[in-house]
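Everything on this sheet refers to the single structure shown next.
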Amino acid sequence: MSKLLIFLTLIPLLPILTTSFSPENPSGRRVLVLLDDLALKSSHSVFFNSLQSRGFDLDFKLADDPKIGLHRYGQYLYDGLILFCPTTERFGGSIDLAAILDFVDSGHDLIIAADSNASDLIREIATESGVDFDEDPAALVIDHSSYAVSNTEGDHTLIASDEYIKSDVILGSKKIEASADIAPVLFQGIGHSLNPSNSLVLKVLSASPSAYSSNPKSKLSNPPSLTGSAISLVSIVQARNNARILISGSLSMFSNRFFRSEVQKAGSPTKHEKSGNEQFLTELSKWVFHERGHLKAMNVRHHKAGEADEPTIYRVNDDLEYSVEIYEWSGASWEPYVADDVQVQFYMMSPYVLKNLSTDKKGSYFTAFKVPDVYGVFQFKIEYQRLGYTSLSLSKQIPVRPFKHNEYERFIPAAYPYYGAAFSMMTGFFIFTAVHLYSK
Amino acid sequence: MARNLGGFLVLILAISICEAASIFQPISDSHRSAALELFSPTDGTFGSLEETYEALRTFEILGIKKRPDISTASCQSVSETLGSSTSSLKDVFHALKVNNILKCKVNDETFQGVAKRLKAVLNDASSLLDFYYSIGSLVLIKDQNSEVDVLLHDADGVFRSIKALSQSDGRWRYSSNNPESSTYAAGLALEALAGTVSLASSEIDQSLIVTLKNDIVKLFDSIEKYDDGSFYFDEKLVDAREHQGPLSTTSSVVRGFTAFASVTSGSINVPGDKILGLAKFFLGIGIPGNSKDFFNQIDSLACLESNRQTRPCWDSSPTQSAQPCTVQVSVPLILSLPATVLSLTKKDQLKVKVNTVLGSSAPPLTVKLVRAFISGTKDSSVIESLELKFDPETAVHFLDVLPKSVDVGNYKFVFEIVLHDSEDKNVYATGGQTQVPVFVTGLIKIDNAEIAVLDSDHGSIETQKKLDLAEENAVSLSANHLQKLRLSFRLATPRGNIFKPHQAFLKLRHETKVEHIFVVGNSGKQFEIILDFLGLVEKFFYLSGRYDIELTVGDAVMENSFLRAVGHVELDLPEAPEKAPRPPPLAVDPSSRYGPKAEITHIFRAPEKRPPQELSLAFLGLTLLPLVGFLIGLLRIGVNLKNFPTSAVPATFALLFHLGIAAVLLLYVLFWLKLDLFITLKTLCFLGTFLMFVGHRILSHLASTSAKLKSA
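Protein chains in written order, with UniProt numbering: chain A, 1 to 440; chain B, 1 to 712.
Written as structure tokens, this is what we have:
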């Protein structure tokens with residue numbers, strides 16, 4: 001009976017235990033997938049299966065399903081959103097542009113796949129994320145020099161690109177190691193450009209210098225708005241709250257057909273048995289859903305050299321030791337993060353000390369330095385921003401005081417003449433009093 | 001409806017992009033490898049019997065020999081299901097289907113028992129699914145065991161009660177108390193009715209079959225169509241209970257319809273192009289990623305194809321066995337091109353394959369190229385009616401050489417299949433004319449390429465250089481804002497005609513990475529662009545300096561599309577006025593934004609300079625000299641302490657007074673050594689009071705003795 005009671009009381013707690021997007025567990029498991037057509041579920045199944053096999057709970061819905069919603073009773077129902085509905089003009093239910101932006105603003109992840117004839121709604125979501133799709137609705141990315149050789153597709157809109165960002169954290173380290181023989185990634189869809197002043201958005205897959213974005217069926221009279229390697233095919237955004245967004249101009253690049261198709265880039269003699277799409281998109285989805293590159297820092301400690309307790313104030317010229325632990329989320333657990341470029345700043349208006357931290361390769365970073373001879377309110381600051389990693393921004397305030405009056409040096413040899421003078425006078429005075437009073 | 005429309009749009013889009021218009025490839029080896037991937041057993045089974053059947057059936061249709069061995073586990077589950085009296089109808093049905101393929105050892109009694117149970121269910125069945133499963137199971141038992149009596153004595157009655165669920169538009173309801181009608185259910189009903197016909201112990205009332213044929217025709221009126229000529233069925237009401245996608249709906253109808261057609265004689269009035277369209281729909285899906293869809297696709301295609309063979313009809317009842325099974329549903333033939341990108345330079349042959357949907361060979365026929373025209377221009381055909389040769393070894397229809405009138409370009413070829421045997425015309429659906437987009441590519445000759453700097457006023461040539469666009473060039477030019485730059489070249493197709501590529505861009509890139517792109521236009525035979533720098537000064541943001549020149553020429557049919565560095569031009573532009581536009585911000589390399597910063601170490605204040613210790617000690621000695629001099633002076637004067645009081649009380653006070661002074665002085669020394677001001681002042685307070693008291697006593701005593709002395 002009592003067991004049953006315990007069980008019943010635990011039932012309402014189960015959802016809280018299992019599904020929570022928390023700093024302790026950054027890769028949430030529930031993902032809403034919005035589709036134009038449920039047939040996509042089958043035609044893009046390899047991509048979905050790879051997500052499901054990594055433990056994601058995918059909820060497939062039609063984009064205009066009147067029952068869909070992202071949150072209920074002030075709680076988000078999902079940790080991630082995949083928009084595979086390029087032609088949807090309006091979402092069903094309570095989802096609209098503002099709801100999606102709020103979803104991202106509250107730290108959730110988003111994957112958008114557009115395609116030619118992408119609707120204004122999808123374009124707007126992309127624009128809000130810092131990415132501008134080509135405005136011409138009929139435009140496709142065309143590349144007459146690095147297209148994928150095919151017997152049946154001759155209009156050179158099927159692009160084989162291997163110009164992706166060099167970053168282990170975003171694309172996984174496997175690809176870089178096997179760099180001798182990388183299969184290009186197939187892409188067919190629309191291109192976009194990034195605003196150069198936006199530092200949060202990154203080009204992951206870009207077009208070759210000979211590419212351009214235009215309607216393949218009509219003649220060109222004006223230069224196309226997007227040309228060359230300025231065209232981004234796939235981009236990612238990492239917002240300031242560490243929400244991550246993946247934007248692709250092609251929905252078909254996620255499809256089983258592209259995943260399985262063999263690929264030969266024009267002008268290259270090697271024919272790859274399988275395109276790079278599967279690896280590229282699987283690794284990228286790992287990044288987007290925080291299975292890689294998500295850092296946390298904890299246990300910030302500092303103390304005077306030779307002591308163990310953290311003081312409330314430092315004196316100028318003290319020797320101090322600083323340490324912090326940094327871990328990376330691997331999708332299932334926190335692993336020690338190993339890097340040699342973590343830096344700490346001792347900061348008041350501007351950094352007085354900026355030092356690289358040494359690491360023991362087990363997640364702990366430490367250093368020692370001398371407090372500058374300037375007093376005031378300082379901060380220990382770690383501003384760690386690296387390509388593809390979530391940014392770490394730690395600061396801990398600590399005041400620094402000058403010497404007390406009795407902490408200065410007391411017996412300075414250079415002052416001995418003064419001391420000598422004073423004491424000799426005092427001795428003389430003592431003798432003089434006696435002599436003066438009692439001498440006859 | 002709007003939802004569906006969105007879905008269709010995507011599918012149309014996917015098909016129009018992915019398949020490049022209407023080329024449908026028959027089932028090939030990629031399907032076979034995908035099937036092995038999709039249907040992979042876990043722990044020796046496929047899960048449910050339904051999934052087992054789907055896997056086995058798919059392997060059977062595709063002729064996969066190396067299928068995973070699951071027969072022991074599956075046969076066990078088949079006999080368990082058939083032996084148990086509580087297993088659901090659906091499971092019994094699928095168990096029998098599995099048994100049909102695996103030929104497990106099931107004894108006659110089991111079949112008898114199941115048949116008895118099924119007949120009992122059939123007698124008081126009311127829902128369509130009950131009919132479907134029980135009749136389907138009985139038919140399967142009949143095929144597997146001839147000993148068991150499965151014939152229906154009241155076939156007409158069963159037929160009528162199923163027919164009672166039908167709607168006027170050819171669709172069906174699941175049960176009499178469910179008003180929603182569904183196309184998916186229509187397929188199930190047709191299959192059940194076909195089973196009823198084959199199980200009938202006596203001839204079914206022909207009028208019933210005639211009305212049913214009309215129903216089928218009505219059902220085909222509701223067929224929907226894509227732009228590329230494929231047809232499919234979908235539910236009208238998407239919110240219907242258990243919504244089925246277009247694929248499962250269509251395959252259900254195809255299954256039911258072909259099953260019914262195979263058991264009845266006489267023709268059903270369904271046009272061949274709709275059958276072909278259905279086949280195209282299934283082929284247009286490509287390779288589905290889900291085992292259910294995969295099975296539906298392959299099984300439906302097999303249904304469409306198996307009409308060709310006079311397959312053993314379901315019925316072998318004595319009344320109908322006399323008539324051979326005639327074919328009522330035409331078999332679709334699929335015309336496909338292994339390659340639609342043909343190189344003129346490599347002299348590629350135009351090859352056409354005609355197969356059935358599952359890839360088996362077609363009857364003797366001729367493929368005619370009715371006409372070909374440049375896509376976009378409907379009227380002017382370049383080829384008129386050519387007959388393709390047939391190579392029996394590879395089963396390929398081919399055209400040796402493309403006619404002279406075909407130059408590089410983007411064509412639409414229209415093919416027609418002509419069957420040799422007029423008998424075949426009733427059997428096969430060829431779908432009339434098939435339009436296929438074909439890209440004819442070739443190497444483009446580039447010549448007369450030159451670049452020149454012109455004087456603006458006279459147009460006279462200042463410098464002119466020849467270019468070889470087959471390789472990189474490194475021309476170096478210089479110009480000022482009063483001059484012009486001219487680049488010209490000529491392109492010719494392998495047939496010697498002028499070629500106009502889709503992409504002909506000239507790009508000027510300044511040292512600061514600011515880029516300018518110009519489209520090179522063609523004037524008659526020549527491609528030429530003249531850049532008048534005077535008009536471009538503002539566009540160039542008044543940036544003088546080195547501009548790299550790049551030329552990109554490309555087209556879908558041009559095999560040697562290129563991106564070449566031509567060289568550079570040193571531009572001398574006037575100074576920018578104040579209000580000149582600024583160049584746009586340039587993309588920053590992300591890696592530069594994220595690197596570690598340079599270390600900063602604090603520079604501490606340098607300590608003050610101090611004299612060496614020896615000097616200090618020397619001066620210490622000097623400061624002590626006056627005291628020494630004073631002491632010596634005192635000795636020389638001959639001081640004495642004769643005036644010290646002799647009586648006890650004043651002597652004590654005198655002693656205390658001097659001890660007090662010594663204590664004060666000692667306090668000063670201690671203050672220097674370790675004490676702080678507060679302790680020093682406190683102690684000094686006591687000492688001072690004490691000193692004042694004893695000082696007053698001794699000094700007044702001394703004063704009185706000296707006064708006495710004076711007065712004395």
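Note that CB positions come from ideal geometry on N, CA and C, so glycine has one too.
Residue-level contact to chain A via CB, L344(B), 8 Å cutoff: Position 344 of the second sequence, counted from the first residue, corresponds to residue 344(B). By this cut-off, L344(B) is not an interface position.
Three-state class that DSSP yields for residue 715(B) in the structure shown: The requested residue 715(B) does not occur in the structure, where chain B is confined to residues 1 to 712.
Amino acids of chain B, ordered along the chain, whose beta-carbon sits closer than 8 Å to that of F430(A): As a first step, residue 430(A) must be located in the first sequence, where it is residue number 430. Per Cβ cutoff of 8 Å: H658, I661, A662 and L665.
Environment of S385(B) [buried if 16+ CB atoms lie within 10 Å]: Walking along the second sequence from the start, residue 385(B) turns up at place 385. Using a 10 angstroms sphere on the CB of S385(B), the tally of other CB atoms stays under 16, which defines it as exposed.
Test: S161(A) CB closer than 8 Å to a CB of chain B: Walking along the first sequence from the start, residue 161(A) turns up at place 161. So no, S161(A) is outside the interface.
Residue closest to E291(A), alpha-carbon to alpha-carbon, out of F56(A), R386(A) and V46(A): Your numbering for residue 291(A) matches position 291 in the first sequence. Considering only alpha carbons, the answer is F56(A).
M426(A) at chain B interface by Cβ criterion, 8 Å: The residue you call residue 426(A) lines up with position 426 of the first sequence. Judged by the 8 Å Cβ criterion, M426(A) is in contact with chain B.
Alpha-carbon spacing of T282(A) relative to S333(A), whole angstroms: Locating residue 282(A) in the first sequence gives position 282, counting from the first residue. Locating residue 333(A) in the first sequence gives position 333, counting from the first residue. Whole-angstrom Cα-Cα distance: 19 Å.
Three-pair Cβ contact test at 8 Å for the segment 416-425 of chain B versus the segment 513-529 of chain B: no
Closer than 8 Å to chain A by CB, H602(B): As a first step, residue 602(B) is located in the second sequence; it is residue number 602 there, counting from the start. Chain A contact via Cβ: present.
Cβ-based contacts, 9 Å cut-off: residues of the segment 267-299 of chain B near chain A: I285, G286, I287, P288, G289, N290, K292, D293 and F294
CB contact below 8 Å: P650(B) versus chain A: Against the second sequence, residue 650(B) aligns to sequence position 650. No, no contact with chain A.
8 Å Cβ cut-off: residues of chain B touching K386(A): Numbered from 1 along the first sequence, position 386 holds the residue referred to as residue 386(A). Checking the displayed sequence, the identity of residue 386(A) turns out to be Arg instead of Lys. Result: Y594.
Per-residue contacts from D373(A) into chain B (C-beta, under 9 Å): Here residue 373(A) refers to the residue found at position 373 when the first sequence is read from its first residue. The answer, in chain order, is H602, F604 and R605.
Cross-strand partners of I498(B) (DSSP beta bridge): The sequence position of residue 498(B) within the second sequence is 498, counting from 1. Beta-bridge pairing links I498(B) to A492(B).
Simplified DSSP assignment, three categories, for T88(A): For the purposes of this step, residue 88(A) is taken as residue 88 along the first sequence, with counting starting at 1. Three-state result, T88(A): coil.
Neighbourhood of G388(A) by C-beta, 6 Å cutoff - its chain only, sequence neighbours within 5 removed: Against the first sequence, residue 388(A) aligns to sequence position 388. In its chain, beyond the 5 residues on either side, S167, V169, I170 and G293 have a beta carbon closer than 6 Å to the beta carbon of G388(A).
Chain B contacts from the segment 264-282 of chain A (Cβ-Cβ distance under 9 Å): A266
Length-filtered (4 minimum) alpha helix (DSSP H) runs lying within the segment 126-209 of chain B: 128-144, 155-163 and 183-199
Three or more C-beta pairs below 8 Å linking the segment 268-278 of chain A and the segment 321-335 of chain A: no
Nearest neighbour of V408(B), chosen from Y594(B), H568(B), D391(B) and G442(B) [CA to CA]: For the purposes of this step, residue 408(B) is taken as residue 408 along the second sequence, with counting starting at 1. Cα-wise, what sits closest to V408(B) is G442(B).
Segment contact flag, the segment 593-612 of chain B with the segment 562-581 of chain B, C-beta cutoff 8 Å, min 3 pairs: no
From P288(B), I679(B) and T377(B), residue whose alpha carbon lies closest to that of L58(B): For this step, residue 58(B) is matched to residue 58 along the second sequence. In the sequence under discussion, the amino acid at residue 58(B) is Thr, which differs from the Leu named in the question. Comparing Cα-Cα distances from T58(B) to each of P288(B), I679(B) and T377(B), the minimum goes to P288(B).
Interface residues of chain B facing residue 452(A) [CB-CB closer than 8 Å]: Nothing can be reported for residue 452(A): it is not among the residues displayed for chain A, which extend from 1 to 440.
8 Å Cβ cutoff, R546(B) in contact with chain A: Within the second sequence, residue 546(B) is the residue found at index 546, counting from 1. R546(B) does not count as touching chain A.
Among V104(A), K203(A) and F411(A), the one whose alpha carbon lies nearest that of Y164(A): Taking the first residue of the first sequence as 1, we reach residue 164(A) at position 164. That would be K203(A), whose Cα lies nearest to the Cα of Y164(A).
Runs of beta strand (DSSP E) wholly within the segment 132-169 of chain A (minimum 3 residues, chain order): 140-142 and 159-161
Contact list for L586(B) against chain A, beta-carbon separation under 8 Å: Against the second sequence, residue 586(B) aligns to sequence position 586. Correct list: P196.
Beta-carbon gap between S235(A) and L194(A) smaller than 8 Å: Against the first sequence, residue 235(A) aligns to sequence position 235. Against the first sequence, residue 194(A) aligns to sequence position 194. Yes. Within cutoff.
Cβ-Cβ separation, V263(B) to S300(B) (assumed contact under 8 Å), whole Å: For the purposes of this step, residue 300(B) is taken as the residue at position 300 of the second sequence. For the purposes of this step, residue 263(B) is taken as the residue at position 263 of the second sequence. At roughly 18 Å, the Cβ-Cβ gap does not stay under 8 Å, so S300(B) and V263(B) are not in contact.
Contacts of M692(B) in chain A (Cβ-Cβ under 8 Å): Numbered from 1 along the second sequence, position 692 holds the residue referred to as residue 692(B). Annotation: M692(B) has no Cβ neighbours in chain A at a cutoff of 8 Å; minimum Cβ distance is about 15 Å.
Between the CA atoms of P372(A) and G688(B) - distance to the nearest angstrom: For this step, residue 688(B) is matched to residue 688 along the second sequence. For this step, residue 372(A) is matched to residue 372 along the first sequence. Using only the alpha carbons, I get a separation of about 45 Å.
Straight-line Cα distance separating P216(A) from K271(A): Within the first sequence, the letter at position 271 stands for residue 271(A). Within the first sequence, the letter at position 216 stands for residue 216(A). So the alpha carbons of these two residues sit roughly 26 Å apart.
M298(A): first and last residue of the uninterrupted alpha helix (DSSP H) it sits in: Working through the first sequence from its first residue, we reach residue 298(A) at position 298. Not the alpha helix (DSSP H): M298(A) falls in the beta strand (DSSP E), residues H294 to K304.
K396(A) - containing beta strand (DSSP E), residue span: Here residue 396(A) is taken as the residue at index 396 of the first sequence, counted from 1. Its beta strand (DSSP E) spans residues L392 to R401.
Status (buried if at least 16 other CB within 10 Å, exposed otherwise) for L152(B): The sequence position of residue 152(B) within the second sequence is 152, counting from 1. L152(B) is buried by the Cβ-count criterion.
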